[in-house]
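Numbering (my numbering), first residue to last: 116 to 417.
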């Protein structure tokens, strides 16, 4: 039995035309194209992904990660998980072990990438940029209100110098920025922190920042060869010939010295005019003779 209604070809084509016109009148919403190149040139902290301030040890870092490494370098932490935590802006304070490990790995990777070192090759002189990095590490300011135990700090420095065979001259030059004659006085008899003026605390700040660094960075600062200063070619002035008194000048000066050992300025000017000598020469003669008299008296009293 045939169905009641049979669709003719004309009716089917008419329905197709209606569908196509409906699609044209109501087009499907287009998904906006995402520009994938927008974030390529944007710099982020290589440690946590925050907004960076600049390069630290060659690693792009934010101020928080920079201060974290300065404060905790050399310390020992423990990871509660598998020592592979994801360090982001929101999770960077959860695991100090993984955060410090990531900082050290990035710094070490950058150093080996740009400065490959070999034990057999001679040490090249440190460049100005490396020297500036070492200087910034040593003079990094302390936290607000921080108080250093100078006695314990100096004892740790002495132990480290003895353990690593660091000479006093090298440590004073590369780390303390002091004379190697003055360094032992500070290390053996340090003043308490509260008794040290602000102008004299920088030495102990350098000690503290150096001892807090990892062993590899500490020895890199100690073993660095400072760049030689360019010697400025100066025109050497010809030396003045040594002045010798004549017999008349010697007798006259000796006679006047017996009369008065400390003549006035007017008398010295008269003597210099009479003997054809400079004012400074006559003045030095009386000063030296007075000093000799004092030395002789001290020897006789002893």
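Where a beta carbon is used, it is the ideal one built from N, C-alpha and C, also for glycine.
These numbers come from a predicted model, not from an experiment.
Within the same chain, 269, 272, 273 come within 8 Å of residue 302 by CB-CB distance, once the 5 residues on both sides are set aside. The bridge partners DSSP lists for residue 174 are 171. Residue 338: member of the alpha helix (DSSP H) spanning 330–338, first to last residue. Cα atoms of residue 184 and residue 215: separation of roughly 7 Å, rounded to the nearest angstrom.
Taking the Cα of residue 291 as reference, the smallest distance to any Cα among 317, 393, 327 is reached at 317.
Cβ contact annotation for residue 200 (same chain, cutoff 6 Å, sequence separation greater than five): 210, 213, in chain order. In this structure, the alpha-carbon of residue 388 lies about 58 Å from that of residue 247.
Assignment of residue 309 by DSSP, reduced to helix, strand and coil, places it in the helix class. Residue state for residue 362 is assigned as helix, using DSSP reduced to three classes. The segment 165–179 makes no contact with the segment 309–324; the number of CB pairs closer than 8 Å stays below 3. In the assembly as shown, residue 310 is an exposed residue. Its beta-carbon has fewer than 16 other beta-carbons within 10 Å. The beta carbon of residue 275 sits closer than 8 Å to those of 281, 326, 333, all from its chain and outside the five residues before and after it, given in chain order. The criterion of a C-beta distance shorter than 8 Å is not satisfied by residue 392 and residue 357.
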